[in-house]
Amino acid sequence: MSTIIGLFNNYQIVILGDREFCSVKLAEWLDKQGFKFCLRLRQNEQIELKTQGWISLKKSGLKPGISLFFEKVKVTKTKQVSGFSIACKWKKSYRKSVTKEGWFILTNMSEASEAISAYKKRFDIEEMFRDYKSGGYNMEGSNVVGKRFISLVIIISFAYFIATIKGERINKKGVQDYVARVKEYGRSTKRHSNFYIGMYAQKWINIRSQCWELVDKLMRLSRHKLDNYLRGMRAMKLIQSTF
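Structure below.
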């Protein structure tokens with residue numbers, strides 16, 4: 022990160038990190054650079070409270086549906102780093118949606134709501150990670166390293182951008198269901214990203230030439246499905262207009 026810091030001199034930087042990336046050393050370094058940060062801690066990490074001494078985060082009293090904020094506490098019994106706060110949030114369970122554990126966010130922000138709101142934005146890139154790794158390009162399975170890896174990332178980034186823009190346009194035209202159908206029983210909301218829609222729309226269009234004669238024969242045999250066929254043709258034209 023130190024090699025690219027200068028590129029962001031004119032921006033307010035907020036670093037978000039999951040549990041795999043969190044360390045108090047990283048927090049100290051980010052704070053010295055003038056960056057705001059929200060780094061999720063594991064629930065077995067310990068903090069020092071004036072009234073209770075050292076306790077693990079899982080015993081801090083956080084429960085579903087509430088938020089806590091421990092301001093300017095010492096973090097980890099081994100490092101005993103001070104000056105940072107812990108923002109805690111456990112989403113309330115609703116019907117079948119149950120959150121197994123809460124968030125414990127190490128931060129240098131002054132309010133819990135500010136830190137939680139910032140950390141939520143980390144999930145905006147989860148779809149992109151899935152698309153890069155397994156949902157479309159299988160980058161993780163390429164096993165390339167060094168310059169070849171950098172070249173691959175650049176190519177994938179351009180392709181991802183183009184597919185995402187196409188998917189967004191298809192969504193705006195309201196015909197995304199033809200490309201990314203909801204398959205789970207009882208599910209009505211979309212499951213797939215704009216990238217998925219844009220990428221698979223191309224395949225959906227390409228298959229038209231391969232099975233045109235078969236579809237034509239089926240329509241002659243099943244004229245009661247003609248309205249559905251015409252709606253599909255209209256959707257295909259709208260999708261083609263986005264390319």
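Residue numbers (the numbering used here): 22 to 264.
Yeah, the Cβ is synthetic: ideal placement off N, Cα and C, and Gly gets one too.
So, for residue i: in the same chain, excluding its five sequence neighbours on each side, which residues have a beta-carbon less than 6 angstroms away from its beta-carbon?
| i | result |
| --- | --- |
| Asp39 | Arg61 |
| Val45 | Val96, Thr97, Lys100, Val102 |
For a quick check, are the C-beta atoms of residue i and residue j less than 7 angstroms apart?
| i | j | result |
| --- | --- | --- |
| Lys110 | Ile76 | no |
| Lys84 | Gln64 | no |
| Tyr140 | Leu259 | no |
| Ser88 | Ala133 | yes |
| Val200 | Trp233 | no |
| Thr72 | Lys187 | no |
| Lys154 | Glu161 | yes |
| Leu1 | Val166 | There is no way to answer for residue 1, as the model of the chain reaches only from 22 to 264. |
| Tyr158 | Ile177 | yes |
Please name the residue or residues paired with residue i in a DSSP beta bridge.
| i | result |
| --- | --- |
| Phe182 | For Phe182, which the question treats as bridged, DSSP gives no partner whatsoever. |
| Gln223 | Answer by DSSP bridge pairing: none, since Gln223 is not bridged. |
| Ala108 | Phe90, Ile126 |
| Tyr115 | Ser118 |
| Lys95 | Glu69 |
For residue i, tell me which candidate among the options has the shortest Cα-Cα distance.
| i | options | result |
| --- | --- | --- |
| Asn215 | Ala133, Thr128, Ala180, Tyr115 | Ala180 |
| Gly27 | Phe56, Ile126, Ala184 | Phe56 |
| Glu66 | Gln223, Gln54, Val94, Ser243 | Val94 |
| Val119 | Ile171, Met240, Phe29, Gly86 | Gly86 |
| Asp152 | Ala184, Ser114, Arg241 | Ala184 |
| Phe125 | Ile25, Arg190, Phe58 | Phe58 |
| Gly253 | Arg241, Thr24, Arg229 | Arg229 |
| Ala256 | Ser243, Ala222, Phe170, Glu41 | Ala222 |
| Glu69 | Trp50, Phe91, Lys53 | Phe91 |
Starting from the C-beta of residue i, find all residues in its chain whose C-beta is less than 7 angstroms away, skip the five residues before and the five after it, and write them out in chain order.
| i | result |
| --- | --- |
| Leu127 | Cys43, Ala48, Leu60, Leu62, Val96, Phe105, Ile107 |
| Gly123 | Leu83, Cys109, Lys110, Trp111 |
| Ser163 | Leu173 |
Unbroken beta strand (DSSP E) runs of length 3 or more, entirely within the segment 30–93: which are they? Assignment of beta strand (DSSP E) within the segment 30–93, counting only whole runs of 3 or more residues, yields 35–38, 57–61, 67–70, 74–77 in chain order.
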